[in-house]
Every structure is written in structure tokens, then in C-alpha cells.
Amino acid sequence: DAGITQSPRHKVTETGTPVTLRCHQTENHRYMYWYRQDPGHGLRLIHYSYGVKDTDKGEVSDGYSVSRSKTEDFLLTLESATSSQTSVYFCAISESNGVPQYFGPGTRLTVT
Amino acid sequence: RKEVEQDPGPFNVPEGATVAFNCTYSNSASQSFFWYRQDCRKEPKLLMSVYSSGNEDGRFTAQLNRASQYISLLIRDSKLSDSATYLCVVYSYGNKLVFGAGTILRVKS
Chain A
579 DAGITQSPRH
589 KVTETGTPVT
599 LRCHQTENHR
609 YMYWYRQDPG
619 HGLRLIHYSY
629 GVKDTDKGEV
639 SDGYSVSRSK
649 TEDFLLTLES
659 ATSSQTSVYF
669 CAISESNGVP
679 QYFGPGTRLT
689 VT
Chain B
301 RKEVEQDPGP
311 FNVPEGATVA
321 FNCTYSNSAS
331 QSFFWYRQDC
341 RKEPKLLMSV
351 YSSGNEDGRF
361 TAQLNRASQY
371 ISLLIRDSKL
381 SDSATYLCVV
391 YSYGNKLVFG
401 AGTILRVKS
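Residue numbers (my numbering), protein chains in the order written: chain A, 579 to 690; chain B, 301 to 409.
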């Protein structure tokens, strides 16, 4: 299995609070991604990174920001969590764009 | 229309059965295709890439039909452990991977 960890694995937070999720990889892959998965929608890309300090938006980026200060770490921040952001969040990595991605174990986030 | 569409199922089959899933994609410029497997409350895992000439990996066979813009996954001799959600994934140059919502397979003894 690819060396990808996510933290925390579970979190319950209140509406309006900031939340940061962390993805850490030991594979030295250039690309890192954040997805959310909701019933009936499949995996949807939030943001991705193609190198240190190089990030871009995905299809559902509103309300989220990211940062990548080191190759191995990619942070996802919900500036002010809303109930619509209750979801399972997956981080993924790949060596380049378009090739298979490998996923972390996921973070289950509940916003009350 | 969604970029990648799959029959959500569930497909309920007995052990030993052969089952096939189809997936259609809307972007004719799509270049790479994959099948992922996702177990309940787990992360998606790459099952196999799909090549133009079709490819096989043990009991699993993947086919690509570019003219009709669909890919398929055939599972022979189904096992209880094959029960999972199967995700169709498509990549178009310059874009990101697009995931289908998944097809649920339940193999019963």
C-alpha cells in the first residue's frame, strides 16, 4: 500500500469553526489531491497540488483552501465549517497527472 | 449529463456467477481509463487500468469501446470477497480524473 496517512480520521465540529485536515505521504509523489465523497455524487475534486506551493482548484472548491509547504504534506482547511461540508474526505497522490492515484484512508467529518 | 455514468446497482449475484458492469463517458477525448474498487467505509483502491486492446487480470477482464464511449468490467467466478463498489474512472488530457458514482456488487453464498 502507498504510504499515505490522513489526520484526524474522525472529527465532529460545530458550524462556523475552522477545521484543518492533514494528508501526509512518504512516496515523494509530485501530485496530491483532496476529494470529498458523498452518496450519489462519487468522488469530487476539491483542490489539488502539482508541487510545493503550487495548487489549483477543483470542481467543488468553494469554502475550502489548501496549502503545501513541503512535498510530503498537503493541508485542507475549511475556514468556517458548514453542515453541507459534512462528508468523507480523501487525500490522493500520484506521480504525474492522469495516471492512477492512490488514496489515503479518509477523514470522516461531521459538522453539527 | 454526467461525464461518467454507471448503473448504481446493486447487482446481487450468487458465488461463482459471472457479472459485468458498464460505464459510459461523455468526453470523446478521454485518454486513460481505470477501474477502482471501494469497500464499505474504506478508501478506493486501483483494481486495474483499461487498455485499448482490452486486458485481463485473473478473474477480471476490462474492455474499452472508444466508438461507443464505454468501458466494461467482467468478473468471472465471483467470490464473496468481490462484494464492493466498483468505480469507473476516466482521464482526459488537461483535466483531472473523473469518477463515476460507482456500481454496488453483492455476492451471496
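Ideal Cβ positions, reconstructed from N, Cα and C, are used throughout, including at glycine.
| Asked | Found |
| --- | --- |
| Ile582(A) to Phe681(A) span [Cα, whole Å] | 7 Å |
| Coil, strand or helix - Ser658(A) by DSSP | coil |
| Within chain A, partners of Ser326(B) - CB distance below 7 Å | Within 7 Å Cβ-Cβ: nothing; Ser326(B) doesn't reach chain A, min ~14 Å. |
| Neighbourhood of Asp377(B) by C-beta distance below 7 Å, restricted to the same chain and skipping five residues each side | Gly316, Arg359 |
| Which of helix, strand or coil DSSP assigns to Asp616(A) | strand |
| C-alpha gap between Val319(B) and Tyr386(B), whole angstroms | 12 Å |
| C-beta neighbour in chain A for Val304(B), strict 9 Å | yes |
| DSSP state of Asp377(B) mapped onto helix, strand, coil | coil |
| Buried/exposed call for Cys669(A), threshold 16 Cβ in 10 Å | buried |
| Local conformation of Gln663(A) per DSSP, three classes | helix |
| Gln369(B) at chain A interface by Cβ criterion, 9 Å | no |
| Alpha carbon of Ser647(A) to alpha carbon of Val590(A), nearest angstrom | 26 Å |
| CA nearest to the CA of Arg614(A), picked from Ser672(A), Asn606(A), His607(A), Tyr626(A) | Tyr626(A) |
| Beta-carbon proximity check, Gly676(A) vs Tyr393(B), cutoff 9 Å | yes |
| Which of helix, strand or coil DSSP assigns to Asp339(B) | coil |
| Cβ-based neighbour list, Ala384(B), same chain, cut-off 7 Å, excluding 5 preceding and 5 following | Arg337, Gln338, Asp339, Leu405 |
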